[in-house]
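Undergrad: Could you have a look at this structure, given as structure tokens, before my questions?
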Amino acid sequence: MGVHAVEITNRGVYQYNLGRRLSRDIVLAARKMGRVGVAFGRYSDSPERNGIPMKWFAVIADDNDELEEQMAKYYPEVVDAAIVLDDTILKGVESWSWDGLHPVNERVKEKGVMIVVSNQSHDELLKDVHSKDLPYKLITIPGEASFAGMWVIRDDKSEARIMGALAAALPDMLSPDAVKQIFKDKVDQDAAERAAKQLVTRVVEPGEGNPAEPYRYELPVWQDLTEYGIAVVGMGKGGGYHGGKEGYEPTRSTTFRKHLSRTSRPVTNFDACTQTRDCWLNCPDEAYNVTPDGYFEVDYGACAGCGKCAEVCPEKIIAMVPESEFEDEASVYDMWKKDAAAYGKFFQAKAAKGWVKGQIVGPHGYIRKGQYDEEIKKTGIK
Amino acid sequence: MTMTMEFERIRGVKAAPLPEMYTSGHRTCQGCDSALNCRYVAKAAGPRSIVLGATGCMYVANTSYYSTPWAIPWMHTQLGATGSATLGVSVSLKVLMRKGKIKNEPINVIGIGGDGAIADMGLAAVSATLTWPEYNSLIVMYDNESYANTGVQVSCQTPYGAHTTFSPVGTVKRIMHKRWKKNTAAMMAAGHPECRYVASACTAYPIDLMNKVRRALSIGGPTFVAILCPCPKGWDFDPRYSHEMGEMACKAGMWANWEMMDGKLTFQTPSSGIIKGMVERAPVTEYLQRQGRFDHLIKEDIDHIQKQLDKIWGEWGIPAILPFKVAEGELA
Amino acid sequence: MVLEKAKIGEEHEALMSGCEAIAVALALADVDVLTGYPIRPYDTVINYIARLIADGQMDADLIHAEGEHSQFEIVKHACVTGARVFTGSSGVGWVFAMEPMVTTPPARIPVVAICGNRAIDDPGAFGCEHNDQYLVRDVGWMINWADTAQEALDLILMSYRVAEDPRVFLPCSLGVDGSFLSHAMNIVKLPSKAQVDKFLPRYDRGKLRLHPDNPISVAVQVNEDWLQELRRTVNEGAIASKAVVEQAAKEFYQIFGRQKNPFFEEYMTEDADMVLVGAGTLSLSVRANVRKLRKEGKKVGFVRMKWLRPFAAEEVRECLSRFKAVGVIDRDYSYGSPDFSGIMFHEMRSALYPAKKHPLFVNFICGLGGREIYEADVREMVKVMENTIKAGEVKETVTWVGTRSR
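Residue numbers (numbering that gives the first Met the number 0), protein chains in the order written: chain P, 0 to 381; chain Y, 0 to 331; chain S, 0 to 405.
Rendered as structure tokens:
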């Protein structure tokens, strides 16, 4: 059987426990098959932060020598399977400063698989996923991203379903029987079995996908660090909107953006905006620019998608719209300034897919006691 | 005494200053109100400021991996050293100005530490700094009610019964954290006769927060402000509700907004309404049921918390500030 | 208190203890911010400093911290803001300040401190031992030892000169043996302010200064992508410090006529077969007894180490490889170390490894807890070295000299 490596990418905190458990499950299932393995995360990912993509790994081998050889490289450069627990992560992974943007499929080996929990079609997903030079299989498990915070787990059987899917996708690595053995609960076992039959698979050819070039940074050599040592020059203090004299635009980081933390982004109905400033004032990521005419424009490079602005807006005119609705980070303020009527239609269409203050659409963390149980009941997972 | 900065009072949201002295690019959680607090403090203080930041989320999540969100000078200090680092900078500026080695001008010196840094490990250093009347400084405690950066562990500011990694909900022990929150800001106000300004604020009331920061920085001498910063990761709630969590905490009486300035104590919204009897304190149940860290609480736990709050607001010598009264018959 | 009011700033002689001499050096060096916290024996220097400030002889702010941790944090941050600073501690007080101490060199902050060498608890004892100062030898502090009040004054000035050199910007600690140096009173030549100003330039941090005119973020968090390179930059400072010590000693000698030998001092080593090596005030007893033994025909000498960091490996190699036997005196211990010996012994023996000629190395652990080193002790050390030379090999590496034993 040789050596197998699996990488799991999830949103920090929200699928932390799911990612961790999956990495362990892979090793435990492999153990049932008489193999050995190691499950681990990336130290630099911790402490995990709400929304920021992070990774888990599982490396399994037939014997300890093989395993040691693989672990000597530590983080696998190539994986047999990449599992993605939130389909909005397909836009890319920027985990920390200076790391740049990493395509979520970058480690997938030739003819390897990428398994994504998603309700979107493959065509839609391939608009986001960066193209590779090698062919690989894209497999979707129908479903929404799971959510659970630090203390309360949303028991939506994602764990069992993904393990079932993995065994179906990589029969060389994991047998369905081994997967069954690690789940004691019959409900989980059934969920694993069912998921295996629900997979939608497609071969992705070299060059297929998002053609955008992922941005990377070159880390300085030590000689170039002698001037400041462990200090860095401070950020600029911002200035007028787009370099002009009016409004205000902060100086933003050039080595870390929050845009890849998002599962949804705020979109404003500018026609109905009364310019209370609450959105701008409450943003923990300084993502709003102040335009010369006193409106508030989100810089989608900086926005982390927390939803605070939408929630505090007294007019309820900011909609949090799923990331899957967008292919770029174009300013919606520019769109509105260009053609207010067209923008109005655009806003209505997008807002219908998301939520405004007072609405709860789709899970995005703990809202109140008992909420997860209700959601599970609705989806019919027993 | 070295001169302090003069500030305009911020008269409302529309008058909030625009420039960001703490800007985009910090590796904080979605909805992080501790980061928002740094933004407010830096914004209120302005460019002629120096910030000292203790180890914690506002160090590791801010200046993560050789980057910085600070547009004003900032330096890291140790977990227990917010007070001493702040004092060091303040003393240095004063002496260098006195000796003509640097230009004589008002410079804000602000130490920012979390609840672990200020109320646990660094309490002695903060207290010491508040005894030096000749050095101007502001120490800010961002209270997210845990050691958040290391994975959400119990601090002396963690509320009763909360689920943390050091107080997990187990099959045998449901509640492992039975300590009540230390009254840190009140301690600072009561214990340091030379400290002219201590306040308690919350990120859900940003204009109040920023004005408190400005008053602290302009009054002269050492000052202290404690700020409740709802934490979506540690408290476990959807980050969209960070603002609402702050409001709910204050309205239920789990936190109080107040200000002690030159010996006079006043309360601010919404605590002022509660104190004056104009508004009922909200029952704490709803606040507790909105956060995963309290998901395991049963009626007996919630009742205990409510009872404590009723005592704090109904029986304390000074509600939310001083837990004791003068005994009957002691005074003339 | 023996300082006469009008005399700081004028060149003259005075009778004073090491602590007092250090206080005068600080006044002459125009130190800006100092911190103190009571622990013996270093804290006497703070008493003198306080007196100087109270009487207007020193223009500086003295902060009485509430603990050593805060003490060292305060000066660290005062220094990064551009102030010339001073602080100190002893024994477990020094240990309590470890956190600020280890975080000072990486941010290239030239704090100057004295370590009033004192035994580390437990048991509590305030007599002289060197382990406290040695604790910072790996993390970027420069360390040196004075043997007289005069040298304490001189090395304080030298420490500022070297630490504040922009090629170095590393903190420096002067070891002041408890009681013997800190408190015994000797005749000291006090320099004039003009001489000191000539030797010691103003402290200028340049781009590393924490001030609103220079908005930098100091000590940002890092991960494995950065730390190795950043440590390498600190290493450059340590490497550079050696040449700066040499240069500073040359300049010092030109102005004050002392500190001709930058890193160590040789005493009666010209035709010696064996030498003792040590640091601090034990040198008094060793020198006196080396003279006696010389009169008896023993070809013994003494090498007194001043700077242990930076370690002048080439110079030490060149010096010690001339002898048949080297006896390193450790006023410290290093439990469980190679051959269960002392810290300076390890440093010296390992420094000699690349030398073409290897002397026989033996170690003497003594003087612990403030116990004096007597004539009988020195004679015993010389005897051991003689026997070792005769045997042609080291039979027993370590001797705990002067220890009551059956």
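Each residue gets a CB set at the ideal place from its N, CA and C atoms; glycine is no exception.
Could you check what DSSP says for Y:G142 in three-state terms: helix, strand or coil?
TA: In the second sequence, residue 142 of chain Y corresponds to position 143, counting from 1. Sequence inspection shows Asp at residue 142 of chain Y; the Gly mentioned does not correspond to that position. Note: Y:D142 maps to strand in three-state DSSP.
Undergrad: Could you tell me which chain P residues have their CB closer than 7 Å to the CB of Y:H162, listed as they occur along the chain?
TA: Reading the second sequence from its first residue, position 163 is the one you call residue 162 of chain Y. Here the neighbours are W150.
Undergrad: Can a CB atom of chain P be found closer than 7 Å to the CB of S:E231?
TA: Within the third sequence, the letter at position 232 stands for residue 231 of chain S. The sequence given here has Arg at residue 231 of chain S, not Glu. It does; some Cβ of chain P falls within 7 Å.
Undergrad: Can you list, in chain order, the residues of its chain whose CB lies under 6 Å from that of S:K356, leaving out five sequence neighbours each side?
TA: What you label residue 356 of chain S is simply residue 357 of the third sequence in a count that begins at 1. Once the five neighbours on either side are set aside, the close Cβ partners of S:K356 are S320.
Undergrad: P:Y365 CB to nearest chain Y CB: under 7 Å?
TA: For the purposes of this step, residue 365 of chain P is identified with residue 366 of the first sequence, where counting begins at 1. Yes - at least one Cβ of chain Y is within 7 Å of the one on P:Y365.
Undergrad: Quick check on P:Y15: does DSSP put it in helix, strand or coil?
TA: As a first step, residue 15 of chain P must be located in the first sequence, where it is residue number 16. In this structure, P:Y15 counts as helix in the three-state DSSP scheme.
Undergrad: Given P:I88, which residues of its chain have a CB within under 8 Å of its CB, disregarding the five upstream and five downstream residues?
TA: What you label residue 88 of chain P is simply residue 89 of the first sequence in a count that begins at 1. Taken in chain order, the residues that qualify are T8, N9, R10, P52, V103 and L259.
Undergrad: Mapping the DSSP letters down to three states, classify P:P265 as helix, strand or coil.
TA: Locating residue 265 of chain P in the first sequence gives position 266, counting from the first residue. Three-state result, P:P265: strand.
Undergrad: DSSP three-state call for S:R403: helix, strand or coil?
TA: For this step, residue 403 of chain S is matched to residue 404 along the third sequence. Reduced to three states, the DSSP call for S:R403 is coil.
Undergrad: For Y:I101 and Y:L92, what's the separation of their Cα atoms in angstroms?
TA: Translated into positions along the second sequence, residue 101 of chain Y becomes position 102. Translated into positions along the second sequence, residue 92 of chain Y becomes position 93. Looking at the two C-alpha atoms, the distance is approximately 8 Å.
Undergrad: Which whole-angstrom value is the C-beta distance of S:A59 and S:L33, which I expect to be below 8 Å?
TA: On the third sequence, residue 59 of chain S is found 60 positions in, with the first residue counted as 1. On the third sequence, residue 33 of chain S is found 34 positions in, with the first residue counted as 1. Contact holds; Cβ gap of about 6 Å.
Undergrad: Thinking C-alpha only, which one of P:Y240, P:E158 and P:Q370 is nearest Y:Q288?
TA: Stepping through the second sequence from its first residue, residue 288 of chain Y is reached at position 289. When only C-alpha atoms are compared, the closest one is P:Q370.
Undergrad: When the Cα of S:G277 is compared with those of S:K294, S:G366 and S:A242, which residue comes out closest?
TA: Along the third sequence, read from residue 1 onward, the residue named residue 277 of chain S stands at position 278. Of the listed residues, the one whose Cα sits closest to S:G277 is S:G366.
Undergrad: Kindly say whether S:T80, judged by its beta-carbon, lies nearer than 7 Å to any beta-carbon of chain Y.
TA: For this step, residue 80 of chain S is matched to residue 81 along the third sequence. Yes, its Cβ sits closer than 7 Å to a Cβ of chain Y.
Undergrad: Is S:L417 helix, strand or coil when you go by DSSP?
TA: The structure shown does not extend to residue 417 of chain S, since chain S is modelled only from 0 to 405, so the question has no answer here.
Undergrad: Name, please, each residue of chain Y whose Cβ falls closer than 7 Å to the Cβ of P:M53.
TA: Translated into positions along the first sequence, residue 53 of chain P becomes position 54. Ordered by position in chain Y, no residue passes the 7 Å Cβ test against P:M53, which lies about 11 Å from the chain.
Undergrad: Quick one: give me the first and last residue of the alpha helix (DSSP H) that S:H129 is part of.
TA: Position 130 of the third sequence, counted from the first residue, corresponds to residue 129 of chain S. No alpha helix (DSSP H) contains S:H129, which DSSP labels as neither H nor E.
Undergrad: If contact means a Cβ-Cβ distance below 9 Å, which residues of the region 215-229 of chain S contact chain Y?
TA: For the region 215-229 of chain S, which is checked against every Cβ of chain Y, the residues closer than 9 Å are I215, S216, V217, A218, V219, Q220, V221, N222, D224, W225 and L229.
Undergrad: Taking 7 Å as the threshold (beta carbon to beta carbon), is Y:V94 in contact with chain S?
TA: Position 95 of the second sequence, counted from the start, is the residue given in the question as residue 94 of chain Y. By this cut-off, Y:V94 is an interface position.
Undergrad: Would Y:C31 count as contacting chain P if we go by Cβ distances under 7 Å?
TA: Position 32 of the second sequence, counting from 1, holds the residue named residue 31 of chain Y. Output row for Y:C31: interface = yes.
Undergrad: Report the rounded CA-to-CA distance for P:G239 versus Y:P18, giving the unit in angstroms.
TA: Looking up residue 239 of chain P in the first sequence gives position 240. Looking up residue 18 of chain Y in the second sequence gives position 19. About 10 Å.
Undergrad: Determine, for S:G8, whether the minimum Cβ-Cβ distance to residues of chain Y falls below 7 Å.
TA: If you number the third sequence from 1, residue 8 of chain S lands on position 9. Taking Cβ atoms only, chain Y never reaches closer than 7 Å to S:G8, which makes this a no.
Undergrad: To the nearest angstrom, how far is the alpha carbon of S:A82 from that of Y:L95?
TA: Along the third sequence, one-based indexing puts residue 82 of chain S at 83. Along the second sequence, one-based indexing puts residue 95 of chain Y at 96. Between S:A82 and Y:L95, the C-alpha separation is close to 7 Å.
Undergrad: So that I know if they touch, is there some Cβ in chain P lying closer than 7 Å to that of S:A354?
TA: Taking the third sequence and counting its residues from 1, the one referred to as residue 354 of chain S is at position 355. It does not: the Cβ of S:A354 has no partner Cβ on chain P nearer than 7 Å.
Undergrad: Measuring CA to CA, which of Y:L208, Y:H162, Y:V168 and Y:S89 is closest to Y:L129?
TA: Reading the second sequence from its first residue, position 130 is the one you call residue 129 of chain Y. The shortest C-alpha separation from Y:L129 is found at Y:S89.
Undergrad: If we define contact as Cβ-Cβ less than 7 Å, is S:P170 a contact residue for chain Y?
TA: Your numbering for residue 170 of chain S matches position 171 in the third sequence. With 7 Å as the cut-off, S:P170 does not count as an interface residue toward chain Y.
Undergrad: Relative to the ligand MN, is the shortest distance from any of its heavy atoms to the C-beta of P:M234 smaller than 6 Å?
TA: Looking for the ligand MN in the displayed structure turns up nothing, as the structure carries no ligands at all.
Undergrad: Leaving out five residues before and five after S:E374 in sequence, what residues of the same chain have Cβ atoms less than 6 Å from its Cβ?
TA: Stepping through the third sequence from its first residue, residue 374 of chain S is reached at position 375. If we look at S:E374 and ignore the five residues flanking it on each side, its Cβ neighbours are N288.
Undergrad: Leaving out five residues on either side along the sequence, give the residues of the same chain with a beta carbon under 8 Å from the beta carbon of P:G364.
TA: Reading the first sequence from its first residue, position 365 is the one you call residue 364 of chain P. Closer than 8 Å at Cβ, skipping near neighbours: Y13, N49, F146 and G148.
Undergrad: Are three or more beta carbon pairs between the region 253-264 of chain S and the region 114-132 of chain S nearer than 8 Å?
TA: Short answer: they don't touch.
Undergrad: Any beta carbon of chain P sitting closer than 7 Å to that of S:A162?
TA: One-based indexing of the third sequence puts residue 162 of chain S at position 163. Not an interface residue.
Undergrad: Let me know if S:M0 comes out buried or exposed under the rule of 16 or more other beta-carbons within 10 Å of its beta-carbon.
TA: As a working mapping, residue 0 of chain S is identified with position 1 in the third sequence. Low local confidence applies: a pLDDT of 47 at S:M0 is under 50, so the model's placement there is unreliable, and no value is given.
Undergrad: Quick check: is the beta carbon of P:D236 nearer than 7 Å to any beta carbon in chain Y?
TA: The residue given as residue 236 of chain P occupies position 237 in the first sequence. Asp is not the amino acid found at residue 236 of chain P; the sequence shown has Lys there. It does; some Cβ of chain Y falls within 7 Å.
Undergrad: Could you check if S:E70 is buried or exposed, using at least 16 other CB atoms within 10 Å of its CB as the buried criterion?
TA: To locate residue 70 of chain S, count along the third sequence from 1; it is residue 71. Per the sequence presented here, residue 70 of chain S reads as Gln, with Glu not at that position. When all chains shown are included, S:Q70 counts as buried.
Undergrad: For P:V2, does the three-state DSSP call read helix, strand or coil?
TA: The residue labelled residue 2 of chain P in the question sits at position 3 within the first sequence. Of the three classes helix, strand and coil, the one that applies to P:V2 here is coil, per DSSP.
Undergrad: Flag this pair as touching only if the region 102-122 of chain P and the region 170-190 of chain P have three or more C-beta atom pairs under 8 Å; answer yes or no.
TA: Judged by Cβ distances under 8 Å, the region 102-122 of chain P makes no contact with the region 170-190 of chain P, as fewer than three pairs qualify.
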